[in-house]
Amino acid sequence: MSAPATTPADGPAEARPTSATGPAPAVPAPTGPAPTGPAPAGPRPPAPTEPSRPPAPTDPARPADPGAGPGGGPTAPAPEPARSRWLRQARRLREAPLTLGLLAALWIIGAATGSLRHGPSGPLLEHVGVGLPTLDAGRWWTPLTSLVWCSGLSAYAFTSLLLLLVGPVAERRLGRRRSVLVLVVGQVVATLLGTALVRLGIAAGEGWTLDIADQIATGPGVGLFGLAAVLGYRLTALWRRRMHLLVVLVPLVATLYIGHLQGLQRFTAAVVGLLVGGLLHRPGAHRDPAADPDGVRRRRRLRLRRRGRPSHNETRVLVALCLVAAAVGPLFASLYDNAIGPFNSLSDLYLSRSYAPDEIADLCSISVHECARAHAVQDFFDSPGRLMAAAVPALLLVLAEGLRRGLRAAWRITVLTELIWICLLGRLLADDLSVLQDPADTAAVVEFFVEALLLPVLTTGLLIRTRHRFQLRMGRRVVRRLAAVIATALVLTATAYVGVGALVREQYDPAVTTGRLVAGLPAAYLPPAYAELLSDYPIATGPVARLLVTYCGLLFWTVTLSALLVALRRPVVHVDAEDAARARALLTAHGGSTLSFISTWDGNHYWFDEAGEAAVPYRVLSTVALTTGDPFGEPEARRRAVAGFARYCDARGWTPCFYSVTPEIREAAAELGWRSLQVAEDTVVALPELAFTGKKWQDIRTSLNKAGKQGIVAEWWSYRDAPADIKDQIRSISEEWVCDKGLPEMGFTLGGLDELEDPAVRVLIAVDPERQVHGLTSWMPVYEDGRPVGWTLDFMRRGSDGFRGVMEFLIASAALGFKEEGARFLSLSGAPLARADRGQDPTSLQRMLDWMGKVLEPVYGFRSLLAFKAKFQPEYRPLFMVYPDPAALPSITRAIGKAYLPHLTAAQGVRLMRKLSA
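Following numbering that gives the first Met the number 0, the numbering of the sequence shown begins with 0 at its first residue and continues without gaps.
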């Protein structure tokens, strides 16, 4: 969940509501807390005609109502058949004539000129390809003609795939004319600039550019990368970042490792596309032509979306992608016999390679021992052991999966791996410098190693910069099991290597002792390139010895990487998993307040009374024990839990603070002499008699009617079981909201995508006939006697292209669905720093909170949030903060602010203050 969004000119943007009372203000006030809440869900639409039967959400767990439809009851969202998905994609492809035309021209011209297998022939290439030789010869047209040829069959396949991925989306988002313009101009400009960079490198004496000075490049990939960079500005925040990262990383890795002219030109195209796209993409400057289901063309205005900080989840994905790029670069370079990139010089340490015949001959000319070692390496690469050559890239790819999931263990192992790589390169540099005397040779070697050090140094810097995003822990049982598996594999393979090796010691050159086999163990587990750095290791010459050298290390790495991947992919456990399971069982059996389910989220600790009948979820921040909602458990034990938890805190020197509690707990605290302050207003809708009839439900009926006319339906899903395309759209909508806010993600009582993974949480989405998600809400159960009797609104998002009123539609549909299931109520969560007028004179501290709500209204929209909830005719229930000592209010306020905004940066604080001052 998050704070309410501000209201743009064309209508309010929905935010996720708080399941407690919402976020604290970014700059804590000196006297009290600041909670959060959802944003207004949409503008007030015109009055509609009243439908005879409003729609309710569909539930995949229940059979469909035969008479259901856009204006009827729920229907089960059956998975879309594969044939329907293919037909939908084919329909979109037919609407991209530019893509189909260029694709056909590319293959027809290639076939007509005999260029499909190996590219244009030499004489043809000199007239249609672009490079220093053709431009120096005065063939000015080659930047344009290079657009319709490729360098070989693999290049034709890659270009076709890239064209099919980028072309249709570009035609739909940018329009055909603009897409053609960007493609052609990008091809011409980027090929010229890329070739000019080669000439500058030659003038500067860069050896790598001398190697590609005579290369001639062809292919529309240059223009396509430029088109993809411009297109990224027309995508949602989630895919904009991913698109821009990929269009830069792919050609950059190709340039650094493969080093061909075409890679440099593509990288240039990506950079130019990013710069030009950023300059041209103005608010409301373009429109997006899209097709309705009936084929009628319509136009949607695209707004420039402010580029804010990515969410925690998206940051993890982006960092993981960077690590993947570092891992696969050497793998791609290994596919090229003539890879000459500046980073490819020491890529053997990433991906080991066998000796070439001339290298074996040179080694054999040195000594018999070196000759035996060279042939042993050659035999190793002729066996399955050659898979160990990719051990380092495989390890990085496995760790990238752990980084994607935000695991601290994966972050630590990755940093350790990069530091080892840096130390290894430093050692090699020191060894080379110790034997060099010529200053020119010394300078060349230093430049050589500095280039190689750039990648691990930058990767380490990125990991350290984003270290706070990787805080999730693996379960202790998972860690112990992983350690046991790796240790067992190490012991068994080492025992086999030493024990069996000692029995066949004559099969080594020279014959070895047990001590020498133990000393040579590192070489058995390291990739071949690293083994060569060891001073001496046993060289296997006999069949049994070769089996040991081949399979001991391979078996160890196979088991280790498999076990590590399985461990990194296991569900992340709670801070205190055993207490969390006990608390959840207590909550399910006896229930709590409308906000008690948030106590199941990670980050909470739990206090239980002596009888185990009640629990208090809490977290300690700056000596303040901040609770999450009411105590829960047996009703008679809840009130007693206040005094019991207070004694528990006193014994540890903590200041207890019960946050977002009901009047019942407030009364229990008052008996202890505690003070209280209203911090939010809960809004509860009774369901048994709910009917959207009468003038007061006019706005809700309008949203229901609008959804029915557009064929939009509501569907229940469990987030973890939802189809991949639905989950992807949910992530994209959420990331766009975080980006547009420009403020950090909030925690504490604010759920996010991670909280949607809970199977008890139900997600309601609004989808149209094209399966586009317009908005979503999530609902947390309120238990009583082991079953849900009510539901609380948590996560709420609307897509930028979602129809207005989608939040009203989703909440109303959820209410109808819950009513059919027999639920008694639903809570729309607390409206923070806003309260209903009960005719009471507020205290001076309460008046200060009211003033804070007024000041923060332009940023968070607290009062408009309460007004939005009034559309559902709720019952207003106050939520309080209770505390023992008024003198502790400053520290309590700081604790609440830190709980909600643990990662607030100085820049974000300045941005918030600017909004407030404006």
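We put the CB at the ideal spot given by N, CA and C, even for glycine.
Asked                                                                                                                 : Found
Backbone CA spacing between E820 and T892 [nearest angstrom]                                                          : 41 Å
Contact under 8 Å by Cβ, A613 with R639                                                                               : yes
Status (buried if at least 16 other CB within 10 Å, exposed otherwise) for I257                                       : buried
Sequence ranges, beta strand (DSSP E) only - wholly within the stretch 539-585, length at least 3                     : none
Continuous alpha helix (DSSP H) stretch holding T98: start and end                                                    : 96-111
Contact set for L481: own chain, Cβ-Cβ below 6 Å, skip 5 residues either direction                                    : A562, A566
Test item: CB-CB of K868 and L825 under 8 Å                                                                           : no
Distance between T208 and I597 (C-alpha atoms, nearest Å)                                                             : 59 Å
As assigned by DSSP and simplified to three states, the class of P167                                                 : helix
Under the three-state DSSP convention, the category W139 falls into                                                   : coil
Alpha helix (DSSP H) runs contained entirely in the stretch 716-792, provided each spans 4 or more residues           : 723-740, 752-755
Residues of its chain near T158, where Cβ-Cβ distance is below 8 Å and the 5 sequence neighbours each way are ignored : L105, C149, G218, P219, G220, L223
Coarse secondary structure for R674, derived from DSSP in three states                                                : strand
Sequence ranges, beta strand (DSSP E) only - wholly within the stretch 580-614, length at least 3                     : 604-607
Residue span of the beta strand (DSSP E) that contains C656, given as start and end                                   : 654-660
Contact set for S595: own chain, Cβ-Cβ below 7 Å, skip 5 residues either direction                                    : L586, G628, D629, F631
Buried or exposed (CB count within 10 angstroms, at least 16 for buried), T441                                        : exposed
Status (buried if at least 16 other CB within 10 Å, exposed otherwise) for C422                                       : exposed
Residues bridged to A869 (per DSSP)                                                                                   : DSSP output for A869 lists no bridge partner at all.
Nearest to T235 (by Cα), restricted to the options W790, L101, Q728, W653                                             : Q728
Short Cβ contact (8 Å threshold) for L226 with S178                                                                   : yes
Residue nearest to E754 in terms of C-alpha spacing, selected from P383, L792, D724, E735                             : L792
M473: first and last residue of the uninterrupted beta strand (DSSP E) it sits in                                     : Premise fails: M473 is in no beta strand (DSSP E) and is neither H nor E.
Beta-ladder partner(s) of F879, from DSSP                                                                             : V660, Q677
Reduced DSSP secondary structure (H/G/I, E/B, other) of D918                                                          : An answer regarding residue 918 cannot be provided, because it is not within the stretch 0 to 917 covered by the chain.
For L274, the first and last residue of its enclosing beta strand (DSSP E)                                            : That residue, L274, is in no beta strand (DSSP E); its alpha helix (DSSP H) goes 260-279.
Residue interval of the beta strand (DSSP E) (run including A811)                                                     : It is not in any beta strand (DSSP E) - A811 instead sits in the alpha helix (DSSP H) that spans 805-820.
Per-residue burial, D681 [other beta carbons within 10 Å of its own, 16 or more giving buried]                        : buried
Pairwise C-alpha distance: A203 and S145                                                                              : 27 Å
For L471 and R407, believed in contact at Cβ under 8 Å, the rounded distance                                          : 6 Å
Spatial distance of E635 from Y875 (CA atoms)                                                                         : 25 Å
Same chain only: Cβ atoms within 6 Å of L192, ignoring 5 sequence neighbours per side                                 : T267
Beta-carbon spacing of G130, Q214 below 8 Å                                                                           : yes
Spatially closest choice to R372 from G277, A451, P527, L279, by CA coordinates                                       : P527
Sequence-distant residues of its chain with Cβ nearer than 7 Å to S731 (five each side left out)                      : T235, L237, W238
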